[in-house]
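A short worksheet on the structure shown next.
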Amino acid sequence: AGLLEQPSSAAVAAVLGILAALRGRLPAPKRAPAIGYRKVCEATPNTIFTLVPRGPVVPALVAGPDQEAWFDDMVSQICEVKVGIFYGELGGDRLPSWKPGAFRKALLALREAVNSIDDPVWPHAGLLHEPLDDVALASRLIANDLDVAASVKVIREYGAFRATTRGGGVLPLCEWVQAGVATVPCEDRLGRPVVLIRPRFHRPGNIELFRAGLRTTLDAVKAHFLFKRTGEFSRSNPLEQYAMIWDFDGAGWSNADWDAFRVTLHEGTHHYPNMGSQIYILNVNSFCRWWWDAASRLLHPKIRRKCCLVAPENVRACLEQVLPTEMLPPEYGGSGRSWVSPSEARSFEDQVGALAAAAYIRAGVAPLGAKPAQCNMPTRSEMGDSDQESAREDAPARKRSTAADCWCGCVG
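First residue of the sequence shown? That's -4 in the working numbering, and the numbers climb one at a time after it.
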């Protein structure tokens, strides 16, 4: 069921899982070792990766009467994978549309269902992580095919998940940062953070490190979106989704990992639903083509539709279309930062990508042992331990964007 409900996560999982299933079961995973953090984190065991920036309350985004038609249309197009930058061979056929008014009816029902729950479903919403607003609700309705009861269930699960991280995000581990498997270098032309996956750097056998790395990478994306929120929906990316780039250059059988498949599927189904917008599969050679022919038969049509397959000779042209010139690496004809290998990294931005690095630095959670950062933005490590503790104590006192506040006048 999860594969059908979570196209973005399943696409990631299928890459690892199909290869691993053919290769055979991998050795039992080992738990990631404890990694220290910068002095402020090391001295403050309860440090929280706050996804919400300090300062004014992060606004909840709710489609009012004057935005309903536009929002409903955009969500429907997102569900049908009509919003994006399309290049290369599309992996799937055109998808069917919802019945007229079906999404609006489900959204109103979900607003009311969540608002009627006595206990706070997300007690840290708007304080330490994203608000429970129409962005969150629409994403879960898409993931669950407009099933309101199923959407309520995953909303509850997310609240329970955030309780395990003290309301904030998952802290980045130095070992994950140094691995270079996933980076978030920039946004694309539609304002979608680019999550760059390089399977050739993945080493199976430490599933807890992979789980933590996947979570912290997507939490950095969430923190970025919350930092740039203005109170209005993005016209090009209203559900705050990312674009994923899978670069298969140099990847082989040794990078396959069945346990990573299961973890990715679970995380996308329960904790990060429908965050992925499109998946660009780069350097599709004969081996990757063979993999796609086998894997595509097992994928939901929505997953296949999100995938764009790009041959090695077309990679540069694809990236030129997806990324602004100032963000495009020089090796692809742009003036942006190079996407260097882990051994070539000279800065924190090289290791995790400039966008993710900025999110971690703003929150003061860059791990001890990471390369020095190049940016000069203030970090929470400059606040001192007492200020960190004060910030955590003051968080509940900040005005919370509750369901009642957000949806007053929008339910009926």
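Using N, Cα and C, we set each Cβ at its ideal position, and we do this for glycine too.
Membership of L277 in any alpha helix (DSSP H) is not indicated; the residue belongs instead to the beta strand (DSSP E) covering 271 to 277.
Segment contact: the segment 172 to 182 against the segment 196 to 207, three or more CB-CB distances shorter than 8 Å; contact assigned. Burial check for E339: the Cβ neighbour count within 10 Å stays below 16, so the residue is exposed. In this structure, DSSP gives F220 a helical state, which the three-state scheme calls helix. The segment 163 to 220 contains, as complete beta strand (DSSP E) runs of 3+ residues, the segments 189 to 192 (chain order). When C-alpha distances from I137 are compared across L185, R292, D345, S92, the shortest belongs to S92. Exclusion of the five residues before and after E326 leaves S333 as the residues of its chain whose Cβ lies within less than 7 Å of its Cβ. In the DSSP annotation of this structure, the continuous segment of the alpha helix (DSSP H) that includes L314 starts and ends at 310 to 317. DSSP, read as helix, strand or coil, puts A306 in coil. Ranking I43, R230, Y275 by CA distance to the CA of R300 puts Y275 first.
Around the beta carbon of S336, fewer than 16 other beta carbons sit within 10 angstroms, so the residue counts as exposed. With respect to the C-alpha of A145, the residue from P167, R184, A104 having the closest C-alpha is A104.
In its chain, beyond the 5 residues on either side, A177 have a beta carbon closer than 6 Å to the beta carbon of T212. Here Y237 carries a strand assignment [DSSP, helix/strand/coil]. By the Cβ neighbour-count rule, T259 is buried, with 16 or more other Cβ atoms within 10 Å of its own. Nearest in C-alpha terms to A351, of all of V57, W171, K94, P60, is W171. Between I43 and G162, the C-beta spacing is below 8 Å. DSSP places Y82 in no alpha helix (DSSP H); its state is neither H nor E.
A contact is defined here as three or more CB-CB pairs under 8 Å, and the segment 48 to 59 meets this definition with respect to the segment 216 to 234. The shortest CA-to-CA distance from M322 to any of C181, L102, D67 is the one to C181. Looking at the DSSP output, H124 shares a beta bridge with A120. If you compare the alpha carbons of S330, G328, G329, A361 with that of E344, the shortest gap goes to A361.
Residue state for P296 is assigned as helix, using DSSP reduced to three classes. In the pairwise beta carbon analysis, the segment 140 to 154 is classified as touching the segment 114 to 128: at least three pairs are separated by under 8 Å. Put simply, of E84, T264, R99 the residue whose alpha carbon is nearest the alpha carbon of A64 is R99. Close CB contacts of Q72 within its chain, under the 8 Å cut and outside five residues either way in sequence, are with V78 (chain order). Rounded to whole angstroms, the separation of the alpha carbons of A58 and I192 is 33 Å.
Look at the beta carbons and you see the segment 123 to 142 touching the segment 233 to 241: at least three pairs across the two are nearer than 8 Å. With at least 16 other beta carbons inside 10 angstroms of its own, R135 counts as buried. With a 10 Å radius around the Cβ and a threshold of 16 neighbouring Cβ atoms, T320 comes out exposed. E107: member of the alpha helix (DSSP H) spanning 97 to 110, first to last residue.
M322: not part of any alpha helix (DSSP H); DSSP gives it neither H nor E. A distance below 8 Å separates the beta carbons of W287 and L304. In this structure, S291 and G96 do not form a Cβ contact; the two beta carbons are roughly 33 Å apart against a cut-off of 8 Å. By the criterion of a C-beta distance shorter than 8 Å, Q62 is surrounded in its chain by F228, once the five residues flanking it on both sides are discounted. Rounded to whole angstroms, the Cβ separation of D140 and L318 is 32 Å, and the two are not in contact under 8 Å.
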